[in-house]
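Reading through the structure tokens given below for one structure.
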Amino acid sequence: MTPPLRDPRPARSAPGDLILLDFDGTLADSAPGILSSLRAAFAVAHVDEPDEATLATFLGPPIAHSLARIGLHGGTAQAIIAAYREHYRDVGMADTTVFPGIPDALRTLATGSPGSRLAVATSKPEWYAQRIAAAVGLEPLLDAIYGASLDGTRITKADVIARALDHEPRAVRTIMVGDREHDVTGARAHGIETVGVLWGYGSADELRAAGACALANAPAELPDAVGRALDHRIGQSGAGTAAREARESANGA
Numbered sequence: 010m011t012p013p014l015r016d017p018r019p020a021r022s023a024p025g026d027l028i029l030l031d032f033d034g035t036l037a038d039s040a041p042g043i044l045s046s047l048r049a050a051f052a053v054a055h056v057d058e059p060d061e062a063t064l065a066t067f068l069g070p071p072i073a074h075s076l077a078r079i080g081l082h083g084g085t086a087q088a089i090i091a092a093y094r095e096h097y098r099d100v101g102m103a104d105t106t107v108f109p110g111i112p113d114a115l116r117t118l119a120t121g122s123p124g125s126r127l128a129v130a131t132s133k134p135e136w137y138a139q140r141i142a143a144a145v146g147l148e149p150l151l152d153a154i155y156g157a158s159l160d161g162t163r164i165t166k167a168d169v170i171a172r173a174l175d176h177e178p179r180a181v182r183t184i185m186v187g188d189r190e191h192d193v194t195g196a197r198a199h200g201i202e203t204v205g206v207l208w209g210y211g212s213a214d215e216l217r218a219a220g221a222c223a224l225a226n227a228p229a230e231l232p233d234a235v236g237r238a239l240d241h242r243i244g245q246s247g248a249g250t251a252a253r254e255a256r257e258s259a260n261g262a
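Right, dumping it as structure tokens:
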């Protein structure tokens, strides 16, 4: 397995908690850049642009999945994705801002328990996520950044979380933080609970229906919400480790 483009920082001496963080809609408001790049991509591909409500559903999930949901597949979808990536790389990804309060929340989370690690797990391609995090000043506050692959071999949130678990040191407890239902379902595939955030692109109803274990209304509430969720995981702390061990066993490791 190839390592992340930016290797995780060295693990701390004692194992601690692993806090996995979605990026778009959780740490940063990337909607303006994503939506402008989507509009440009539909125009380049000569495909009618969806209405605003439909475009908004593209915020968070893999773009290929969102296109399939509105009936776009095959060559048409690939043309839109290629045009989107070109526009996003050159224009859209610069239109990203960190949500107010997130840097302070990350600093608090990092000191919540000895050995804790903060790692992004995003459906955004890793190449973009790493560069955006550096540009907006979040990179120094994170221990690692994991994302989707550009070649389509790693697409879903569950795929990205698997990558994080494979590369991260074994954790005492693991929790996911995200704003959309696919954050919750992707984490659950690995036996990990999710704290939902309400300043992003999902809703409380969406997150509750997906099974989020707690909700945070603002970044200032996030450390306490994560702390309570992790405390609830005492006695269930091997979830992420068990999932990793199952994969290693299946691979003959």
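Its first residue numbered 10, the sequence shown is counted upward by one per residue in the working numbering.
The beta carbon of each residue, even a glycine, is placed where N, CA and C say it ideally should be.
Buried or exposed (CB count within 10 angstroms, at least 16 for buried), Leu81: Locating residue 81 in the sequence shown gives position 72, where the first residue counts as 1. Burial call: buried.
Write down every uninterrupted run of the alpha helix (DSSP H) in the region 116-170 whose length is 4 residues or greater and which is fully enclosed by it, in chain order. List check, alpha helix (DSSP H) in window: 135-144.
Bounding residues of the beta strand (DSSP E) (the contiguous stretch that carries Gly205): For the purposes of this step, residue 205 is taken as the residue at position 196 of the sequence shown. Thr203 to Val206 is the span of the beta strand (DSSP E), which, as asked, contains Gly205.
With DSSP as the reference, please indicate the residues paired to Ile184 in a beta bridge. Position 175 of the sequence shown, counted from the first residue, corresponds to residue 184. Answer is Ile28.
Continuous alpha helix (DSSP H) assignments of at least 4 residues falling wholly in the region 68-119: Entirely contained in the region 68-119, the alpha helix (DSSP H) runs reaching 4 residues are, in chain order, 72-78, 83-99 and 111-119.
Measure the alpha-carbon distance for Val181 versus Asp240 and round it to whole angstroms. As a position in the sequence shown, residue 181 is number 172, starting the count at 1. As a position in the sequence shown, residue 240 is number 231, starting the count at 1. Straight-line Cα distance between these residues: approximately 11 Å.
I'd like to know if the region 190-209 and the region 87-94 are in contact, where contact means that at least 3 CB-CB pairs between them fall below 8 Å. Contact fails: fewer than three Cβ-Cβ distances are below 8 Å.
Can you grab the Cα-Cα spacing for the pair Leu231 / Pro41, in whole Å? Here residue 231 is taken as the residue at index 222 of the sequence shown, counted from 1. Here residue 41 is taken as the residue at index 32 of the sequence shown, counted from 1. The alpha-carbon atoms of Leu231 and Pro41 are separated by roughly 24 Å.
Beta carbon of Ala153, beta carbon of Val169: below 8 Å? Counted from its first residue, the sequence shown places residue 153 at position 144. Counted from its first residue, the sequence shown places residue 169 at position 160. If you check the CB distance, Ala153 and Val169 do not come in under 8 Å.
Which two residues bound the contiguous beta strand (DSSP E) that contains Leu36? Within the sequence shown, the letter at position 27 stands for residue 36. In this chain, Leu36 is not harboured by any beta strand (DSSP E), its DSSP state being neither H nor E.
Which residues share a DSSP beta bridge with Leu224? Translated into positions along the sequence shown, residue 224 becomes position 215. According to the DSSP secondary-structure assignment, Leu224 is paired through a beta bridge with Gly205.
Taking 8 Å as the cut-off, decide whether the C-beta atoms of Arg237 and Ala223 are in contact. Here residue 237 refers to the residue found at position 228 of the sequence shown. Here residue 223 refers to the residue found at position 214 of the sequence shown. Yes; because the gap between Cβ atoms is below 8 Å, this pair is in contact.
Following the continuous alpha helix (DSSP H) through Ala218, name the residue where it begins and the one where it ends. Stepping through the sequence shown from its first residue, residue 218 is reached at position 209. Looking at the DSSP string, the run of the alpha helix (DSSP H) that includes Ala218 is Ala213 to Ala219.
Evaluate Arg163 with the Cβ neighbour count: other Cβ atoms within 10 Å of its Cβ, from every protein chain shown; 16 or more gives buried, anything less gives exposed. Translated into the one-based positions of the sequence shown, residue 163 becomes position 154. That one is buried.
For Thr131, which residues in the same chain have their Cβ closer than 7 Å to its Cβ, ignoring the five residues on either side in sequence? Counting from 1 along the sequence shown, the entry for residue 131 is found at position 122. For Thr131, where only same-chain residues beyond five positions count, the Cβ hits under 7 Å are Asp31, Phe32, Asp33, Ala138, Gly156 and Val169.
Closest residue to Thr66 among Val56, Asp57 and Ala77 (Cα-Cα distance): Residue 66 sits at position 57 when you count from the first residue of the sequence shown. The residue with the shortest Cα to Cα distance from Thr66 is Ala77.
Candidates Leu151, Asp38, Val53 and Trp136: closest to Gly69 by CA position: The sequence position of residue 69 within the sequence shown is 60, counting from 1. For Gly69, the nearest C-alpha among the options comes from Asp38.
Are the beta-carbon atoms of Gly209 and Glu190 separated by less than 8 Å? Here the question's residue 209 lines up with position 200 in the sequence shown. Here the question's residue 190 lines up with position 181 in the sequence shown. For the pair Gly209 and Glu190, the CB atoms are not nearer than the 8 Å cut-off.
Where Arg21 sits in the DSSP three-state scheme: Against the sequence shown, residue 21 aligns to sequence position 12. The pLDDT assigned to Arg21 is 47, lower than 50, so where the model puts this residue is not dependable; a value taken from the coordinates is nonetheless given after this. Looking at Arg21 - three-state DSSP - the assignment turns out to be coil, as it is neither helix nor strand.
Start-to-end residues for the alpha helix (DSSP H) that takes in Arg309: Since the first residue shown for the chain is 10 and the last is 262, residue 309 is missing from the structure and cannot be characterised.
May I ask you to report which of helix, strand or coil DSSP gives Thr66? By one-based count along the sequence shown, residue 66 stands at place 57. Coil.
Helix, strand or coil: how does DSSP classify Ala268 here? Absent from the structure is residue 268, since the part of the chain shown begins at 10 and ends at 262.
With C-beta atoms as the reference, is Ser46 less than 8 Å away from Tyr93? Within the sequence shown, the letter at position 37 stands for residue 46. Within the sequence shown, the letter at position 84 stands for residue 93. A Cβ-Cβ contact shorter than 8 Å links Ser46 with Tyr93.
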